[in-house]
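In this text, residue positions in the sequence shown follow our numbering: the first is 133, and each later residue adds one.
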Amino acid sequence: MRFYLDDMIRAAMPWRVLCVLALLLFLAAVVINALLIRQKRFRLLWPALPALFLSYFLQQCFVMESLGYAHSQIGYEILTSFAGLPGWLIWGVLLALALTETLLMQGVYLREKNSITPMSVKEAVDSLPAGILCYAPGAKVLLVNHTMQELCRKTTGAELIDGATFRDRLLEGELLPACSRLFVGGEPVIVLADGTAWKLSESEIPYEKHTVRMLLALDISEAYSKTEELTQMRERVERLGGRLQQVNREIVAVTAEREILNAKVRIHDELGSNLLAIKRYLLNGGTEEEKAELLEHTRRSVSFLKHDAPSVPVRDEYELLQSMAARLGLTISVTGELPQTEPHKPIIATAIHECFTNTLRHAHGDELHIELSEDDEWVTAKFTNNGDQPGDEISEKGGLRSLRELTEQAGGSMTTKTKPAFTLTIRLPKEVEDAL
133 MRFYLDDMIR
143 AAMPWRVLCV
153 LALLLFLAAV
163 VINALLIRQK
173 RFRLLWPALP
183 ALFLSYFLQQ
193 CFVMESLGYA
203 HSQIGYEILT
213 SFAGLPGWLI
223 WGVLLALALT
233 ETLLMQGVYL
243 REKNSITPMS
253 VKEAVDSLPA
263 GILCYAPGAK
273 VLLVNHTMQE
283 LCRKTTGAEL
293 IDGATFRDRL
303 LEGELLPACS
313 RLFVGGEPVI
323 VLADGTAWKL
333 SESEIPYEKH
343 TVRMLLALDI
353 SEAYSKTEEL
363 TQMRERVERL
373 GGRLQQVNRE
383 IVAVTAEREI
393 LNAKVRIHDE
403 LGSNLLAIKR
413 YLLNGGTEEE
423 KAELLEHTRR
433 SVSFLKHDAP
443 SVPVRDEYEL
453 LQSMAARLGL
463 TISVTGELPQ
473 TEPHKPIIAT
483 AIHECFTNTL
493 RHAHGDELHI
503 ELSEDDEWVT
513 AKFTNNGDQP
523 GDEISEKGGL
533 RSLRELTEQA
543 GGSMTTKTKP
553 AFTLTIRLPK
563 EVEDAL
């Protein structure tokens with residue numbers, strides 16, 4: 133009865149299906165052995181190689197049985213004899229072989245996943261956003277990732293084959309028309325057609341007895357875009373600063389004309405008073421000192437009224453103030469160097485205008501002294517005059533208040549003293565941007 137069941141199983145055996153299964157097991161064994169050799173895990177070859185030979189043997193057996201080859205040759209007889217074994221034994225051998233190869237494949241996969249291998253290094257390098265190229269002195273490419281390959285296609289229109297040639301073309305050669313090359317801080321930057329920017333750097337790496345050159349390409353698109361925006365903003369600020377300087381000069385000129393007009397009105401009034409005084413002197417007489425004083429006042433008034441505005445416009449603030457002061461009969465003496473940079477110059481010019489206006493209007497003086505000094509951090513300007521000294525503390529309002537606000541906005545300070553003589557002192561930091 134048992135032999136009858138075996139014959140029934142063998143009669144129902146799908147030899148062609150078994151042939152395909154054996155072929156798949158053989159191919160899987162070939163892959164497993166190749167991976168084990170690449171991983172240098174030679175100890176695991178003792179179960180892998182028998183699995184390879186056994187799967188090949190089974191495949192040949194099933195081919196012979198399914199094709200019905202004659203049994204005249206010894207090799208055929210061996211193969212067909214194995215195929216003549218009971219069906220359950222054949223299926224057991226196939227199952228054991230499949231289980232062995234599954235365990236071996238799992239071990240290979242875990243080793244590939246958890247260990248550093250040449251393939252894992254290549255995959256890691258390819259995943260980097262930076263471009264990497266390593267090539268030997270003979271221009272042979274040793275390592276290149278996808279990012280550098282893409283950069284080569286976008287800049288040259290060709291594939292990266294020769295490392296040295298690609299490097300020379302990037303740094304010095306001709307790029308595609310839509311690409312451009314510039315230098316930022318002495319380092320080359322390649323700007324592509326899509327607006328992305330790549331900073332290049334190269335170095336040498338000792339490798340065994342040779343030296344390998346490495347070229348890196350870093351994506352600095354965001355920083356490059358911000359730099360371009362800052363450059364455009366700086367240009368706009370410079371243009372705005374030029375317009376503000378022109379407006380400031382015009383304001384000084386208009387203020388000067390206004391002060392001259394006010395002075396003319398005041399001198400007209402004084403001239404009328406002088407004429408009445410002269411009339412009283414002629415009618416009633418007086419001392420020689422009174423006569424000399426009347427003549428001096430009249431001469432100064434007439435001399436000022438005879439002078440018109442200069443025919444050639446004065447462009448510098450300091451020159452405008454000097455011209456206006458001279459026409460008003462005020463002498464400005466300067467010790468030291470007047471600052472010429474922004475915002476020092478507008479602040480000092482405003483201070484000069486305010487001080488000589490107060491000298492003429494309130495102190496009734498005709499000399500304004502300016503003493504300038506500086507050290508590593510500060511620029512200091514002191515203003516004094518030869519007019520009447522104020523009896524009380526000065527209440528800052530109008531021009532003095534505005535001057536203090538300008539000074540403090542620039543990070544400086546302003547102080548006023550009335551004793552022993554009136555002194556206005558302004559201190560401004562040299563590096564105003566750091567003070568703001």
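Yeah, the Cβ is synthetic: ideal placement off N, Cα and C, and Gly gets one too.
All values derive from a computational prediction rather than experimental measurement.
- Query: In terms of residues, what are the limits of the alpha helix (DSSP H) holding Ala-481?
  - Reply: Taking the sequence shown and counting its residues from 1, the one referred to as residue 481 is at position 349. Per DSSP, the unbroken alpha helix (DSSP H) holding Ala-481 starts and ends at 476 to 490.
- Item | Minimum Cβ-Cβ distance from Ala-481 to chain D less than 7 Å | Annotation note: the requested chain D is absent from the structure, which comprises a single protein chain.
- Message: Less than 7 Å between C-beta atoms, sequence neighbours within five positions excluded: which residues of the same chain meet that for Glu-469?
- Response: The sequence position of residue 469 within the sequence shown is 337, counting from 1. Only Leu-504 meet the Cβ criterion.
- Query: In whole angstroms, what separates the C-alpha of Ser-534 from that of Gly-373?
  - Reply: Mapped onto the sequence shown, residue 534 falls at position 402. Mapped onto the sequence shown, residue 373 falls at position 241. When rounded, the distance between both Cα atoms is 20 Å.
- Query: In three-state terms, what does DSSP make of Thr-547?
  - Reply: Position 415 of the sequence shown, counted from the first residue, corresponds to residue 547. Three-state DSSP puts Thr-547 in a strand.
- Message: Report the start-end ranges of each alpha helix (DSSP H) in the segment 495 to 531 that is 4 residues or longer and not cut off at the edges.
- Response: none
- Just checking my contact of Phe-554 with Asn-518 at CB under 8 Å: how many whole Å lie between their CB atoms? Residue mapping note: residue 554 aligns to position 422 of the sequence shown, counting from 1. Residue mapping note: residue 518 aligns to position 386 of the sequence shown, counting from 1. Not a contact, Cβ separation roughly 10 Å.
- Roughly how many angstroms separate the alpha carbons of Leu-157 and Leu-229, rounded to a whole number? Residue numbering aside, residue 157 sits at position 25 when the sequence shown is read from its first letter. Residue numbering aside, residue 229 sits at position 97 when the sequence shown is read from its first letter. Their Cα atoms are separated by approximately 8 Å.
- CA-CA distance, Gln-364 and Ser-333? On the sequence shown, residue 364 is found 232 positions in, with the first residue counted as 1. On the sequence shown, residue 333 is found 201 positions in, with the first residue counted as 1. Their backbone Cα atoms lie some 27 Å apart in a straight line.
- Task: Would you mind sorting Trp-220 into buried or exposed? The rule is 16 or more other CB atoms within 10 Å of its CB.
- Result: If you number the sequence shown from 1, residue 220 lands on position 88. Looking at its Cβ environment, which holds fewer than 16 other Cβ atoms inside 10 Å, Trp-220 is exposed.
- Touching by the beta-carbon criterion (3+ pairs, under 8 Å), the segment 277 to 287 and the segment 255 to 264: Of all C-beta pairs linking the segment 277 to 287 to the segment 255 to 264, three or more are shorter than 8 Å, placing the two stretches in contact.
- Identified DSSP bridge partners for Arg-313: Reading the sequence shown from its first residue, position 181 is the one you call residue 313. DSSP lists Ile-322 as partners of Arg-313.
- Item | Limits of the alpha helix (DSSP H) - the one that Gly-263 falls within | The sequence position of residue 263 within the sequence shown is 131, counting from 1. No alpha helix (DSSP H) contains Gly-263, which is instead part of the beta strand (DSSP E) from 263 to 267.
- Message: Here's the rule I'm using: 16 or more other beta-carbon atoms within 10 Å means buried, otherwise exposed. How should Gly-207 be labelled?
- Response: Against the sequence shown, residue 207 aligns to sequence position 75. Annotation note: pLDDT 45 at Gly-207 (below 50); position unreliable, no value reported.
- Return the chain-ordered list of same chain residues with a C-beta closer than 7 Å to the C-beta of Lys-551, the five sequence neighbours on each side being excluded. Numbered from 1 along the sequence shown, position 419 holds the residue referred to as residue 551. Counting only Cβ-Cβ distances below 7 Å, and skipping sequence neighbours, we find nothing.
- Item | Which listed residue (Ala-183, Leu-177, Ala-154, Thr-467) has its alpha carbon closest to that of Trp-223 | What you label residue 223 is simply residue 91 of the sequence shown in a count that begins at 1. The shortest Cα separation from Trp-223 among Ala-183, Leu-177, Ala-154, Thr-467 belongs to Ala-154.
- Item | Residues that DSSP places opposite Asp-294 in a beta bridge | Here residue 294 refers to the residue found at position 162 when the sequence shown is read from its first residue. Bridge partners of Asp-294: Lys-272.
- Query: Which first and last residues belong to the beta strand (DSSP E) in which Lys-286 is found?
  - Reply: As a working note, residue 286 is residue 154 in the sequence shown. That residue, Lys-286, is in no beta strand (DSSP E); its alpha helix (DSSP H) goes 278 to 288.
- Task: Compare the C-alpha of Pro-561 against each of Phe-515, His-501, Ile-479 and name the closest.
- Result: In the sequence shown, the residue the question calls residue 561 occupies position 429. Comparing Cα positions, the closest option is Ile-479.
- Query: Which value, in whole angstroms, describes the spacing of the CA atoms of Ile-169 and Leu-177?
  - Reply: Residue numbering aside, residue 169 sits at position 37 when the sequence shown is read from its first letter. Residue numbering aside, residue 177 sits at position 45 when the sequence shown is read from its first letter. Between Ile-169 and Leu-177, the C-alpha separation is close to 8 Å.
- Query: Hey, Gly-543 and Glu-486: beta-carbon distance below 7 Å or not?
  - Reply: Here the question's residue 543 lines up with position 411 in the sequence shown. Here the question's residue 486 lines up with position 354 in the sequence shown. Cβ atoms of Gly-543 and Glu-486: not closer than 7 Å.
- Message: Between the segment 352 to 372 and the segment 284 to 298, can you find at least three pairs of beta-carbon atoms closer than 8 Å?
- Response: no
- Query: Going by DSSP, what residues sit across from Lys-331 in a beta bridge?
  - Reply: To locate residue 331, count along the sequence shown from 1; it is residue 199. Its beta-bridge partners are Val-321, Leu-350.
- Thinking C-beta only, is Lys-286 closer than 7 Å to Leu-634? The displayed coordinates of the chain run from 133 to 568. Any statement about residue 634 would go beyond what the structure contains.
- According to DSSP, is Leu-535 helix, strand or coil? Residue mapping note: residue 535 aligns to position 403 of the sequence shown, counting from 1. Helix, per DSSP.
- Message: Using only the alpha-carbon positions, how far apart do Gln-238 and Phe-185 sit?
- Response: For the purposes of this step, residue 238 is taken as the residue at position 106 of the sequence shown. For the purposes of this step, residue 185 is taken as the residue at position 53 of the sequence shown. Cα-Cα distance, rounded: 20 Å.
- What's the C-alpha gap between Thr-489 and Val-466? Taking the sequence shown and counting its residues from 1, the one referred to as residue 489 is at position 357. Taking the sequence shown and counting its residues from 1, the one referred to as residue 466 is at position 334. Counting only the Cα atoms, Val-466 lies some 17 Å from Thr-489.
- Item | Val-354 versus Val-321: straight-line alpha-carbon distance, rounded | Mapped onto the sequence shown, residue 354 falls at position 222. Mapped onto the sequence shown, residue 321 falls at position 189. Here residue 354 is Glu; the residue named in the question, Val, does not match the sequence. Roughly 13 Å between the two C-alpha positions.
- Message: I'd like to check one pair, Leu-275 with Ala-268: are the Cβ atoms closer than 7 Å?
- Response: Translated into the one-based positions of the sequence shown, residue 268 becomes position 136. Translated into the one-based positions of the sequence shown, residue 275 becomes position 143. Not a contact, by the Cβ cut-off of 7 Å.
- Rounded to the nearest angstrom, how far is the Cβ of Thr-557 from that of Lys-514, given a contact under 8 Å? The residue labelled residue 557 in the question sits at position 425 within the sequence shown. The residue labelled residue 514 in the question sits at position 382 within the sequence shown. The Cβ separation is near 5 Å, so the contact holds.
- Query: At what residues does the beta strand (DSSP E) containing Arg-559 begin and finish?
  - Reply: For the purposes of this step, residue 559 is identified with residue 427 of the sequence shown, where counting begins at 1. Start and end: 555 to 561.
- Coil, strand or helix - Glu-306 by DSSP: Counted from its first residue, the sequence shown places residue 306 at position 174. Residue state, collapsed to three classes: coil.
- Among Glu-525, Ala-161, Arg-175, which residue has its Cα nearest to the Cα of Ser-187? For the purposes of this step, residue 187 is taken as residue 55 along the sequence shown, with counting starting at 1. Here the closest residue by C-alpha is Ala-161.
- Message: With a threshold of 7 Å on Cβ separation, who are the neighbours of Tyr-450 within its own chain once the five nearest residues in sequence on each side are excluded?
- Response: As a first step, residue 450 must be located in the sequence shown, where it is residue number 318. When the five nearest sequence neighbours on each side are left out, the beta carbons in the same chain lying within less than 7 Å of the beta carbon of Tyr-450 are those of Leu-470, Ala-481, in order along the chain.
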